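One structure below.
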Amino acid sequence: MPAKAESRLWKNLRDATKDKVRWTRMESWALPGVPDLYGIAEGYSFWVELKVHRLKLLKAIKLSPHQINWQIQHIRHGGVVWNLVSHPPSRTLHLITGKRALELGQMTENKGPIEPDYSWKVPFPWEKIIDQMLSAQS
Numbered sequence: 099m100p101a102k103a104e105s106r107l108w109k110n111l112r113d114a115t116k117d118k119v120r121w122t123r124m125e126s127w128a129l130p131g132v133p134d135l136y137g138i139a140e141g142y143s144f145w146v147e148l149k150v151h152r153l154k155l156l157k158a159i160k161l162s163p164h165q166i167n168w169q170i171q172h173i174r175h176g177g178v179v180w181n182l183v184s185h186p187p188s189r190t191l192h193l194i195t196g197k198r199a200l201e202l203g204q205m206t207e208n209k210g211p212i213e214p215d216y217s218w219k220v221p222f223p224w225e226k227i228i229d230q231m232l233s234a235q236s
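Right, here's the structure in full:
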C-alpha cells in the first residue's frame with residue numbers, strides 16, 4: 099500500500115476524532131502483526147489496521163500472516179480489532195471486523211468481492227464510524 103495514502107487516512111481519522119479518541123500510532127517494524135493504531139474512547143480500547151485498496155472491486159485485503167495471527171489471537175482473548183479500508187476510486191471507507199481476519203487473508207482474485215461489515219461514502223461520518231467501533235464493546 100502506498101505509504102502516503104495510508105498516512106492521509108491516518109491524519110484524516112486522527113484530526114476528525116481527536117476530541118473523542120486517544121490514538122497511539124504503532125510502528126509496524128517494531129512488532130510484526132500489531133495493527134497500525136491503538137485507540138481508547140469512553141473507557142473502551144480497540145485496535146485498527148489501516149488499509150488502502152485501489153482495485154475496482156474489493157476482492158482482497160492484504161493482511162500478512164503475522165497480522166492475521168495477531169488479530170485472531172487478540173480477539174480470542176476478548177480484544178477488539180477493526181480493519182479500516184479506504185477505497186479512493188469509489189470515495190468509500192469500509193470497516194471490517196478483525197473476527198474475519200482469516201477470511202480476509204484467504205480471499206483471492208478468483209472469489210467474489212468482500213462484503214464489508216459497514217461502508218460509508220464521502221463525506222465520512224467519523225463520529226458514526228467510531229461509534230460503530232465502540233459498539234463491539236457492548
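Positions in the sequence shown are counted from 1; adding 98 to them yields the numbering used here.
A virtual CB, placed ideally from N, CA and C, is assigned to each residue, including glycine.
As the structure is a computational prediction, the values presented were derived from the model and not from experiment.
If you draw a straight line from the C-alpha of residue i to the C-alpha of residue j, how long is it?
| i | j | result |
| --- | --- | --- |
| Trp224 | Tyr136 | 16 Å |
| Lys197 | Gln171 | 10 Å |
| Gly176 | Gly203 | 21 Å |
| Trp121 | Ile138 | 7 Å |
| Thr115 | Arg123 | 14 Å |
| Leu111 | Ile173 | 23 Å |
| Asn167 | Val179 | 12 Å |
| Val132 | Asp113 | 22 Å |
| Arg106 | Pro221 | 15 Å |
| Leu161 | Phe144 | 18 Å |
| Asp229 | Tyr142 | 11 Å |
| Asp134 | Ser233 | 20 Å |
| Val119 | Ser217 | 20 Å |
| Gln235 | Glu201 | 22 Å |
Relative to the alpha-carbon of residue i, which residue among the options has its alpha-carbon at the smallest distance?
| i | options | result |
| --- | --- | --- |
| Asp117 | Ala103, Pro133, Glu140, Ala158 | Glu140 |
| Pro130 | Pro163, Lys157, Thr115 | Pro163 |
| Ser126 | Val220, Ala158, Leu156, Gln165 | Gln165 |
| Leu156 | Ser233, Trp108, Pro186 | Pro186 |
| Met231 | Asn167, Asp215, Val220 | Asp215 |
| Trp108 | Ser217, Leu182, Asn167 | Leu182 |
| Leu104 | Tyr142, Val119, Val146 | In the sequence as displayed, the identity of residue 104 is Glu instead of Leu. Looking at the Cα atoms, Val146 is the closest of the given residues. |
| Lys102 | Gln235, Ser233, Ser184 | Ser184 |
| Lys219 | Leu161, Arg106, Ser188, Tyr142 | Ser188 |
Check the C-beta distance from residue i over to residue j and give it rounded, since I have them as a contact under 8 Å.
| i | j | result |
| --- | --- | --- |
| Ala199 | Gln169 | 4 Å |
| Ile212 | Ile159 | 7 Å |
For the pair the segment 176-193 and the segment 143-162, tell me if three or more CB-CB distances fall below 8 Å. Yes: the two stretches touch, three or more of their Cβ pairs being nearer than 8 Å.
If you scan the segment 130-179 from start to end, which runs of the beta strand (DSSP E) of 3 or more residues do you find wholly inside it? For the segment 130-179, whole beta strand (DSSP E) runs of length 3 or above, ordered along the chain, are 135-139, 142-150.
Please specify which runs of the beta strand (DSSP E), each continuous and at least 3 residues long, are wholly inside the segment 177-205, giving them in chain order. Whole beta strand (DSSP E) segments, 3+ residues: 179-185, 190-195.
Beta strand (DSSP E) runs wholly inside the segment 104-130, at least 3 long, in chain order: Runs of beta strand (DSSP E) with 3 or more residues, each lying fully within the segment 104-130, are found at 120-123, listed in chain order.
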